[in-house]
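Written out below as structure tokens is the structure these notes cover.
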Amino acid sequence: MFEFLFKYPSTVFHQGTFLLASGWPLWLLVLGVIAVGGALGVLVLRKRSARMGNIKAGMVWLLQTALAAVVLFMLWHPALSVATLKPQQNIVAVVVDDSASMSVADEGGATRRDRANALLNGGLLQSLADKFQVRLYRLSDHLERIEKLDQVTAQGTATHIGESLKQVVADANSLPIGAVVLLSDGADNSGGIDLETISEIRRQRIPVHTVGFGREKMSKDIEITGADIPARTLPDSRLEAVVNFHQQGYSGQKVKLTVRDGGKILAGRDVTLKGDGVQQTESVLFNAGPAGVKTIDVVVDTLQGEENTRNNKVTRLVNVDSRKPRILYLEGEPRWEFKFLRRAVEDDRMIDLFTMLRTTQNKIYRQEQIGSQQGLTNPKELENGYPTKVEDLFGFDGLIFGSVDAPYLTPQQQELVKNFVDRRGGGVLFLGGRDSLADGGWVKTPVNEMLPTVLPEKKNSFVRVGANVEVTAAGRDSLITRLEEDPGKNVERWKKMPYIMNFQDAGQPKPGATVLLDAIPMSGGGGRIPLLVTQPFGRGRVAIFATGGSWRWQMLQPVSDKTHEMFYTQLLRWLVNDTPRHVTGSTPKSLLADESNVKLRADVRDKNYLPASDATVEAHVEGDGVSETITMTPEPLEQGVYGAQWTAPKVGSYLVEVSAKRGEEEIGTDAFTFRREDGVAENFHVEQNRELLQKLSSETGGRYYRPDDANKLGRDINYSEAGITVRETRDLWDMPALFALLILLRSAEWVLRRKWGVI
Amino acid sequence: MRLRAVLVAIVTLLGAWGILRAQKPFVSYPGVEYEDFPLPPDYQRTAEFTRARLMYTAYLHVHPPGPGVYENGPRSWTIDYPRSDRHLLAGIARLTRIDTRSVEQSVELDNSDDVYNWPMLYGVEVGHWNLNEEEAAQMREFLLRGGFFMCDDFHGTVEWNIFMAGMRKVFPDRPVVDLDSKDPIFHTVYDLDDRIQVPGMQYVYSHITYEYDGFQPKWRGIYDDHGRLMVAICHNMDLGDAWENSDDPKYPEKYAALAYRIAVNYVIYDLSH
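Going down the list, the protein sequences come from chains A and B.
Numbering of the first sequence is given in this note's numbering, commencing with residue 1 and proceeding in unit increments.
Numbering of the second sequence is given in this note's numbering, commencing with residue 760 and proceeding in unit increments.
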């Protein structure tokens, strides 16, 4: 219809430049319209009948002036100047998507690859070949020239459209490429087409015409879009897998979400699916198990009729570290909380708890507990009291302060405790007590800055009054206070806990702090006091558990109940799990899905945990048949951080051991793993990404086509600024639309006159 | 009316449940030796620690009547009470950093939750105790949850057998062992490698440190599965009398001093294990 009215296809108008071919100036046209309009105005006013008022006369004048303007416009010879490709002197690059997503069979049973081949073999390729030289390519994770269409197999492991088009554009520097035709579903998995690539294509003025294949929406499918699991943890830690997914066609149904290790189900739960297309987030708690690298699969069970079952699973690596963090607990007075805290964590084989108990005014009772083992591994350790040197204190991963008044530590020790968190990255826990927090004089100390609450200025903030404990909204989901997997049941479980014997007013939480538990005094008043508050500080983390009375959770519940043990184990693991060592190695992506480049990173700190910018850092990579040592170089904007790029040559798991030295002195080592898997990326987002294809074509001056109307491509492709072109002028004065407008204007005036009875 | 009765019943039951779950208040009982012992002025002050004294049903006679036989009837549990307890608590307050109450707490194994609020339990003259199965079951639960039981002032073979008859209802299979001098309980504050028999007040008159055939002091105990002492048995000695009479110039200082040191070590052990 457009071409019928406007004489040429829309592509011509899109590509062409409008001009007035008569050579007369535009201002003369405007002047002419004004003059004719004025003359017509006088004529209409003089000759109007009595029944035609001013408004009606005005409308008649407008219609007559518009008619005259159209005639004058036609006399000025409007035209379009458009570049067209010179036949047989240009190359058209026909790029066919060869990735695995093109093997998906949509409605009708034919695969996308088959439909693309059918379109090309059904006349499109011939129509292009009649006028241009055609170069055939196939694209997946790279671009490759092919001779015949049957070389397109739809087995490519990834789709990198941007990278592939860059290669075509590079060819255009030496070849007259007039246009690119891309036949694809647009399911790019390299993160999209970057601005630089688009800019380069536009600079070359090569239009990219896209033909989109595949449905834009599956009718029955569940797809996992992401899964977050901590990359590192301690053995037997409780971890949370946060899973994002969406579905089509199964709204309201239940499906099982599981976490697996090598096929063995570690944990799972039923979830109810939300509305079609709605992004849903669910979590599953599971135990990390013993030390080692775990390949964790997060799986949503396949439901009947699912069109794509390969996107129901994602894989993540978890490095379960075998190190044993050390915690130093200083208790200022013998009390029940001290006894029962030690008992609560005694079965945690991965925590080394070293305690110093002030038994009398000038005696300290030292104990060490590694799992159930009791006894000092080094009897001389800390026999002179609480650490005063950096290397002694920083040898621990976490600190606990019981009912300890601030003056017990010197100002230097207090500053050291703050640096322990800020610089070392350790965790510190403060328990409530008659000499703790505000009552212990901690307000006016360097430690105050790192506390998660604003300590009150008053004394007697510690009271021996019973209080019930409730979990907050944040605590309901936190791994520290998660006693039950289901958050709703978790809330109910906390409500049934025995009351605590005492609590301390630790003040209001600071911005950025998280309150996980509240104490509700049994003396009434309706108030809630923050009981368990956490916050990050510097590189570490701080918590206040403002009571010395949680021991009743052990003594007032049956011996078979392990709530108290679970709570303190989870709290102490949180305290130390993320405490870094002198060398911390990492990679942003522990799983390479259909890519081979990996970025290695090492954070190096000296013995005082200051950034070591002058270290020699190496990464030794071991894989299946691969062993290579890479020198890591300092990152320019991050002190003490070193980086390197590496390419994993083949699929499989790789172990990276990072070592740092300063001269001959070893600073430390660390190890982490990553894994390369192929054939994964194409399983996800297999719907046609029409938006990407349309944007690509519109940004480059091309057009997007569905397969059914791609036959117009043969005609539209002629119009391009690239390659070898000739400039043509196409007349517009004889467009049927203009004649139709003339008739319309004249008819409108006649109809109005008839209606008003003034003919 | 009916609804009201039901509501009253529910509230009463809930209240009773609450009471059962809660601590019982301090009560001063008349004892065998002291009918009306004066209360310290701060007896109502709440504190972190106090030692609980076990109230139990006693066998009236376990020995054949005769000279040197002292049996205290149904209120055996009140021997030395409360003077011994309060002297002991004062000593603990002076010698350690423990925030202790000035008065004891008397508790019974009555199937309520009260005993669990007092993790350190002391039993005197347990050579006369008569624990039934329910009481033994609760004692067992108390100890396995983390409680600590110290028993003292029982002498000789006959009283040992009575004690063990009760203890075997608590733990049929756990062995009772002699405590090694290297055990941490003898070194938490004081090093008590050299220990002597601490006699009761009768020593002042008899100059004999033992009673019946309890010639040798026995420091014994029962351990839990983690190697912690949960029952500390002081057989053939009378620490209770030593604390009770520590302010009596007739009672030798060396016994009183040792009794306090033993108590401090035991209490610190309980609060740290």
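Note that CB positions come from ideal geometry on N, CA and C, so glycine has one too.
(message) Taking the alpha-carbon of Thr-359/A as reference, which of Lys-339/A, Gly-332/A, Arg-730/A and Arg-349/A has the nearest alpha-carbon?
(response) The residue from Lys-339/A, Gly-332/A, Arg-730/A and Arg-349/A with its alpha-carbon nearest to that of Thr-359/A is Gly-332/A.
(message) Let me check understanding here. Comparing Cα to Cα, which of Leu-479/A, Val-169/A, Leu-124/A and Asn-90/A lies closest to Lys-712/A?
(response) The residue among Leu-479/A, Val-169/A, Leu-124/A and Asn-90/A with its C-alpha nearest the C-alpha of Lys-712/A is Leu-124/A.
(request) Using a Cβ cut-off of 8 Å, pull out every chain B residue sitting near Thr-569/A, in sequence order please. (result) Here the premise fails: no neighbours, minimum Cβ distance about 15 Å.
(request) Could you say if the stretch 211–227 of chain A and the stretch 248–266 of chain A meet the contact criterion of at least three C-beta pairs nearer than 8 Å? (result) A contact exists between the stretch 211–227 of chain A and the stretch 248–266 of chain A.
(request) For Trp-27/A, count neighbouring Cβ atoms within 10 angstroms of its own Cβ and tell me buried if that reaches 16, exposed if not. (result) Classification of Trp-27/A: exposed, given that the 10 Å Cβ count is below 16.
(request) Give the residues of chain D in contact with Pro-334/A, contact being defined as C-beta atoms less than 7 Å apart. (result) No chain D is part of this structure, whose protein chains are labelled A and B.
(message) Does the CB of Leu-556/A have a neighbour CB from chain B at under 8 Å?
(response) Yes - at least one Cβ of chain B is within 8 Å of the one on Leu-556/A.
(message) Contact criterion: CB-CB distance below 8 Å. Does Phe-340/A meet it with respect to chain B?
(response) For Phe-340/A, the nearest beta carbon of chain B is closer than 8 Å to its own beta carbon.
(request) To the nearest angstrom, report how far apart Glu-391/A and Asp-397/A are at their CA atoms. (result) Taking the CA atoms as reference points, Glu-391/A sits about 12 Å from Asp-397/A.
(request) Specify the secondary structure class of Trp-978/B as computed by DSSP and reduced to three states. (result) Trp-978/B sits in a strand when the DSSP states are folded into three classes.
(request) Return the CA-CA distance between Asn-54/A and Ser-127/A, expressed in angstroms with no decimal places. (result) When rounded, the distance between both Cα atoms is 60 Å.
(message) Quick check on Thr-84/A: buried or exposed, where buried means 16 or more other Cβ atoms within 10 Å of its Cβ?
(response) Around the beta carbon of Thr-84/A, a 10 Å sphere encloses 16 or more other beta carbons of the protein chains shown; the residue is thus reported as buried.
(message) Can you give me the C-alpha to C-alpha distance between Phe-907/B and Asn-995/B, rounded to a whole angstrom?
(response) Phe-907/B and Asn-995/B have their alpha carbons spaced roughly 20 Å apart.
(request) Could you please give the first and the last residue of the uninterrupted beta strand (DSSP E) stretch that includes Ile-667/A? (result) For Ile-667/A, the uninterrupted beta strand (DSSP E) run begins and ends at 665–677, by DSSP.
(message) Rounded to whole angstroms, what is the Cα-Cα separation between Thr-837/B and Ala-852/B?
(response) Each residue's alpha carbon lies about 23 Å from the other.
(message) Check this for me: beta carbons of Leu-357/A and Ile-364/A, under 8 Å apart or not?
(response) Yes.
(request) Identify each residue in the stretch 918–931 of chain B for which the Cβ-Cβ distance to at least one residue of chain A is less than 8 Å, and report them in chain order. (result) Within the stretch 918–931 of chain B, contact with chain A at the beta-carbon level (separation under 8 Å) is assigned to no residue.
(message) I'd like the ranges of any beta strand (DSSP E) spanning at least 3 consecutive residues and lying wholly in the stretch 802–833 of chain B.
(response) Counting only runs of 3 or more, we get 811–814.
(request) Measure the CB-CB distance between His-887/B and Asp-1006/B and report whether it falls below 8 Å. (result) Not a contact, by the Cβ cut-off of 8 Å.
(request) Flag this pair as touching only if the stretch 193–203 of chain A and the stretch 108–123 of chain A have three or more C-beta atom pairs under 8 Å; answer yes or no. (result) Taking a contact to require three or more Cβ pairs closer than 8 Å, the stretch 193–203 of chain A and the stretch 108–123 of chain A do not qualify as touching.
(request) Can you check DSSP and say which residues form a bridge with Val-36/A? (result) DSSP, once it has assigned bridges, lists no residue as partnering Val-36/A.
(message) Helix, strand or coil, according to DSSP, for Met-960/B in the structure here?
(response) In the three-state reduction of the DSSP assignment, Met-960/B falls in the coil class.
(request) Determine, using beta carbons only, whether Ala-1015/B comes closer than 8 Å to chain A. (result) Taking 8 Å as the threshold, the shortest C-beta distance from Ala-1015/B to chain A does not fall below it.
(request) Give the straight-line distance between the Cα atoms of Leu-175/A and Glu-728/A, rounded to the nearest whole angstrom. (result) Looking at the two C-alpha atoms, the distance is approximately 23 Å.
(request) Reducing DSSP to helix, strand and coil, say where His-914/B ends up. (result) Here DSSP, grouped into helix, strand and coil, assigns His-914/B to coil.
(message) In whole angstroms, give me the CA-to-CA distance for Arg-260/A and Pro-325/A.
(response) Their backbone Cα atoms lie some 27 Å apart in a straight line.
(message) Alpha carbons only, please: which of Leu-136/A, Val-181/A and Val-169/A is nearest the one belonging to Arg-715/A?
(response) Here the closest residue by C-alpha is Val-181/A.
(message) Rounding to the nearest angstrom, what Cα-Cα distance links Ser-659/A and Asp-670/A in this structure?
(response) C-alpha of Ser-659/A to C-alpha of Asp-670/A: approximately 7 Å in a straight line.
(message) Restricting to Cα atoms, I'd like to know which of Glu-470/A, Thr-514/A and Ser-720/A is closest to Pro-521/A.
(response) Looking from the CA of Pro-521/A, the closest CA among Glu-470/A, Thr-514/A and Ser-720/A belongs to Glu-470/A.
(message) Which residue marks the beginning of the alpha helix (DSSP H) containing Lys-755/A, and which one marks its end?
(response) In the DSSP assignment, Lys-755/A falls within the unbroken alpha helix (DSSP H) covering 736–756.
(request) Let me know the secondary structure DSSP gives Val-30/A once reduced to three states. (result) Residue state, collapsed to three classes: helix.
(message) So for Arg-780/B, helix, strand or coil by DSSP?
(response) At Arg-780/B the pLDDT is 49, less than 50, meaning the model places this residue with poor confidence; the figure from the coordinates comes in the next sentence. Taken through DSSP and simplified to helix, strand or coil, Arg-780/B comes out as helix.
(message) Using beta carbons (cut-off 8 Å, strictly below), is Ala-768/B in contact with chain A?
(response) Residue confidence for Ala-768/B is low, a pLDDT of 46 falling below 50, so the modelled location carries little weight; the figure read from the coordinates is stated next. Judged by the 8 Å Cβ criterion, Ala-768/B is not in contact with chain A.
(message) Could you tell me the alpha carbon to alpha carbon distance between His-77/A and Trp-733/A, rounded to whole angstroms?
(response) Each residue's alpha carbon lies about 6 Å from the other.
(message) Going by DSSP, what residue range makes up the beta strand (DSSP E) through Gly-249/A?
(response) That residue, Gly-249/A, is in no beta strand (DSSP E); it is neither H nor E in DSSP.
(message) At a CB distance below 7 Å, what residues from the stretch 796–807 of chain B approach chain A? Give them in sequence order.
(response) If the cut-off is 7 Å between Cβ atoms, the stretch 796–807 of chain B has Thr-805 and Glu-807 near chain A.
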